[in-house]
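So the sequence shown is numbered by the UniProt record's numbering: it starts at 1 and just counts up by one.
By construction, the Cβ of each residue, glycine as well, lies at the ideal position given by its N, Cα and C atoms.
Model, not experiment: these values are computed from the prediction.
The block underneath contains the structure these notes are about, expressed in structure tokens.
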Amino acid sequence: MATPINNRSIRRIQDESIRSLSRNRRASTNLYLLNEVHPPRSTIQAGHQLINIKKPTAVVFVDDEPLANWSHDCRYLLHDPDNGKLYQEVKAGFPPFLVDPPSTFKGFHTPVVLHNPLRRIWTPAPEKVKIRFPWLAPKGQRYAVLFSGASNNRHTNDLEFLYRQLVDQFYFDEDNITVLNYDGTVNYSGGPRPVAHWPGDGTPYRMPVHGKGTKEALEEAINSLKKKLKKDDLLIVHTNNHGGHNGKESYLCTYSGEIYTASEFAGKLHELPVFSELIVMMEQCHSGGFNDAIIEQSTANRTTFSAACTEGKNSIGEADFDPFARDWIAAFAGADPYGAALVSDPDYDNSGKISAREAFAYADDVHHSYDSPVYSAYGSDAGDQNLHQNGATFLYIVIL
1 MATPINNRSI
11 RRIQDESIRS
21 LSRNRRASTN
31 LYLLNEVHPP
41 RSTIQAGHQL
51 INIKKPTAVV
61 FVDDEPLANW
71 SHDCRYLLHD
81 PDNGKLYQEV
91 KAGFPPFLVD
101 PPSTFKGFHT
111 PVVLHNPLRR
121 IWTPAPEKVK
131 IRFPWLAPKG
141 QRYAVLFSGA
151 SNNRHTNDLE
161 FLYRQLVDQF
171 YFDEDNITVL
181 NYDGTVNYSG
191 GPRPVAHWPG
201 DGTPYRMPVH
211 GKGTKEALEE
221 AINSLKKKLK
231 KDDLLIVHTN
241 NHGGHNGKES
251 YLCTYSGEIY
261 TASEFAGKLH
271 ELPVFSELIV
281 MMEQCHSGGF
291 NDAIIEQSTA
301 NRTTFSAACT
311 EGKNSIGEAD
321 FDPFARDWIA
331 AFAGADPYGA
341 ALVSDPDYDN
351 SGKISAREAF
361 AYADDVHHSY
371 DSPVYSAYGS
381 DAGDQNLHQN
391 GATFLYIVIL
């Protein structure tokens, strides 16, 4: 059985690979990692060329002409799997797999694509430099709670879409993301079967599910934040699946069947300490009925609330995704789940960052006629919230 490369080395290897490319080449070169340690005396078959591996090796495949037919210029970068250092570059004309690449062959920087999957753009970690310079120190932690109770396939897919953006686009710490779905796995009610691949790009589901989509699990997730949240922190909460109205207030459906009312949920959020930013996006039917309670009970300095529909109405779903959640997330992603371009640029103020207000505005502009999106914000310029890591330039680092 192949030995995977440890995550720390993967980051170093991918960083070093992208730094080896000029700025122009980064826009036209695809990079792939063979996520296994190749043992000594093994070989890689690159068409007619045989590449001999003389010591434990991690391999990056560089496609220098992604739009050309094979054969064309490409390279194999051979790295030490422990420290990530490049020790040899081998020029070649073919990839390691012309058909049916294994799951260990993963693109991590693919700006050039022929089909729909989301482009992957690799951003290396900041390099150490031997000068005195101001360092953009992270300001605050970012947390996320993603919830779907009585999930159908589309609800699980919405969670996966948001999870991928938080991790891939905005570099959330995966340990700071709590996913609660259905029975505690990526499973869901109904088809398609088997439960295997996310329909966006056809790859396996990546989000780790930490618990069932129950009221108890959701309250435990919020309770766990009581000792974590600090004054500069951000929390994004996304709820999905189904919802109802009991004649007095809206409620969220759960896997266990127990309902979670708007007042109960807002009251639980009110138990959190004072923190900086709260972003809430809800997809379920009657989700707009949570608006007032959450805004009033939030302990964040700034809060934005987005929902697919008003308190008295239902929200619409489609085969693979729920339209409102899909479009709200797509605004941050810069593409729809299939990698297709958006119908317009959601960055309305040309700031280079998508704000919570802009994400809602885009989703509202293109919303399904059945939906009735709701938005509210509280706090100074609350709509300017975004998912990027905030920073404060106040440290000066000297590395000799």
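- Query: In or out: T261 buried (at least 16 other Cβ within 10 Å) or exposed?
  - Reply: Buried, by the Cβ-count rule.
- The alpha helix (DSSP H) spanning R357 covers which residue range? Annotation for R357: the continuous alpha helix (DSSP H) segment containing it runs 356-365.
- Residue range of the unbroken beta strand (DSSP E) whose run includes Q14: Looking at the DSSP string, Q14 is not in any beta strand (DSSP E); the run it does join, the alpha helix (DSSP H), is 7-19.
- Query: With C-beta atoms as the reference, is H79 less than 8 angstroms away from T104?
  - Reply: Not closer than 8 angstroms, so no.
- Kindly indicate the opening and closing residues of the beta strand (DSSP E) around Q49. First-last of the beta strand (DSSP E) with Q49: 49-53.
- Item | Which of helix, strand or coil DSSP assigns to G84 | Note: G84 maps to coil in three-state DSSP.
- Query: Going by Cα to Cα distance, which pick from R142, F147, S151, G200 is closest to F172?
  - Reply: Closest in C-alpha terms to F172, from the list R142, F147, S151, G200, comes R142.
- Specify the secondary structure class of H155 as computed by DSSP and reduced to three states. The DSSP-derived three-state label of H155 is helix.
- Smallest Cα separation from L86: which of G184, S20, R302? With distances taken between CA atoms, L86 lies nearest to S20 out of G184, S20, R302.
- Item | Proximity of D82 and C74 at Cβ, strictly below 8 angstroms | Cβ distance not < 8 angstroms, so D82 and C74 don't count as in contact.
- Would you call R154 buried or exposed, if buried means 16 or more other Cβ atoms sit within 10 Å of its Cβ? Label assigned to R154: buried.
- Count the other CB atoms within 10 Å of the CB of P39; is the residue buried (16 or more) or exposed (fewer)? The residue in question, P39, is exposed, as its Cβ has fewer than 16 Cβ neighbours within 10 Å.
- Closest to R164 by CA distance: which of G339, L272, Q45 is it? The closest CA to that of R164, considering only G339, L272, Q45, is found on G339.
- Give me the Cβ distance between P337 and H367, rounded to the nearest whole Å; I'm assuming they're in contact under 8 angstroms. For a cut-off of 8 angstroms, the C-beta gap from P337 to H367 is around 16 angstroms, too long to register as a contact.
- Item | Counted within 10 angstroms of its Cβ, other Cβ atoms place V99 as buried (16 or more) or exposed | V99 is exposed by the Cβ-count criterion.
- Item | In chain order, each beta strand (DSSP E) run of at least 3 residues that lies wholly inside the segment 150-195 | As far as the segment 150-195 is concerned, its whole beta strand (DSSP E) runs of at least 3 residues are 177-181.
- Reduced DSSP secondary structure (H/G/I, E/B, other) of F147: Shown here, F147 sits in a strand according to DSSP, grouped into three states.
- Message: Beta-carbon within less than 6 angstroms of P346's beta-carbon, same chain only, minus the 5 sequence neighbours each way: which residues are those?
- Response: Once the five neighbours on either side are set aside, the close Cβ partners of P346 are A331, I354, E358, Y362.
- Query: Hey, would you say T287 sits closer than 8 angstroms to A266, going by beta carbons?
  - Reply: Per the sequence shown, residue 287 should be read as Ser rather than Thr. No, Cβ-Cβ distance for S287 and A266 is not below 8 angstroms.
- Query: Going by DSSP, what residues sit across from A307 in a beta bridge?
  - Reply: DSSP output for A307 lists M282, V374 as bridge partner(s).
- Applying the criterion that 16 or more other CB atoms from any shown protein chain within 10 Å of the CB defines a buried residue, is Q88 buried or exposed? Under this definition Q88 is an exposed residue.
- Can H270 and T239 be called in contact, C-beta distance under 8 angstroms? No, Cβ-Cβ distance for H270 and T239 is not below 8 angstroms.
- Item | Secondary structure of E264, DSSP reduced to three states | In the three-state reduction of the DSSP assignment, E264 falls in the helix class, which pools H, G and I.
- Which of helix, strand or coil DSSP assigns to L98: Correct three-state label for L98: coil.
- Message: Looking at D320: is its Cβ nearer than 8 angstroms to the Cβ of S276?
- Response: No, the pair does not count as a contact, with Cβ atoms beyond the cut-off.
- Could you work out which residue in P204, M207, Q45 is closest to G93 when comparing CA atoms only? It is Q45 whose Cα lies nearest to the Cα of G93.
- On the three-state DSSP scale, how would you describe S22? In the structure shown, the three-state DSSP call for S22 is coil.
- Helix, strand or coil: how does DSSP classify Q385 here? Under the three-state reduction of DSSP, Q385 is assigned to coil, being neither helix nor strand.
- Message: For the beta strand (DSSP E) containing Q45, name the first residue and the last one.
- Response: Run containing Q45: 42-46, per the beta strand (DSSP E) assignment.
- Within its chain, find whatever has a CB closer than 8 angstroms to the CB of F97; leave out the 5 residues flanking it on each side and keep chain order. Excluding positions up to five away in sequence, the list reads F105.
- Three-state class that DSSP yields for A58 in the structure shown: A58 carries a strand assignment under DSSP once its states are collapsed to helix, strand and coil.
- Task: Please list, in chain order, all residues of the same chain as N116 whose beta carbon is under 8 angstroms from its beta carbon, the five residues on each side excluded.
- Result: Confidence in N116 is poor, its pLDDT being 49 and thus under 50, which makes the residue's placement unreliable; the coordinate value appears in the next sentence. Answer for N116: D201, Y338, G339, A340, listed in chain order.
- Proximity to S380 [Cα-Cα], best of E311, A335, N181, T303: Among E311, A335, N181, T303, the Cα nearest to that of S380 is on T303.
- Rounded straight-line distance, which links the Cα of K139 to that of E264: The straight-line gap from Cα to Cα measures roughly 31 angstroms.
- What do you reckon, are the CB atoms on S376 and I295 nearer than 8 angstroms? Contact annotation: S376 and I295 have beta-carbon atoms nearer than 8 angstroms.
- Determine the DSSP secondary structure at L218, reduced to helix, strand or coil. Judged by DSSP in its simplified three-state form, L218 adopts helix.
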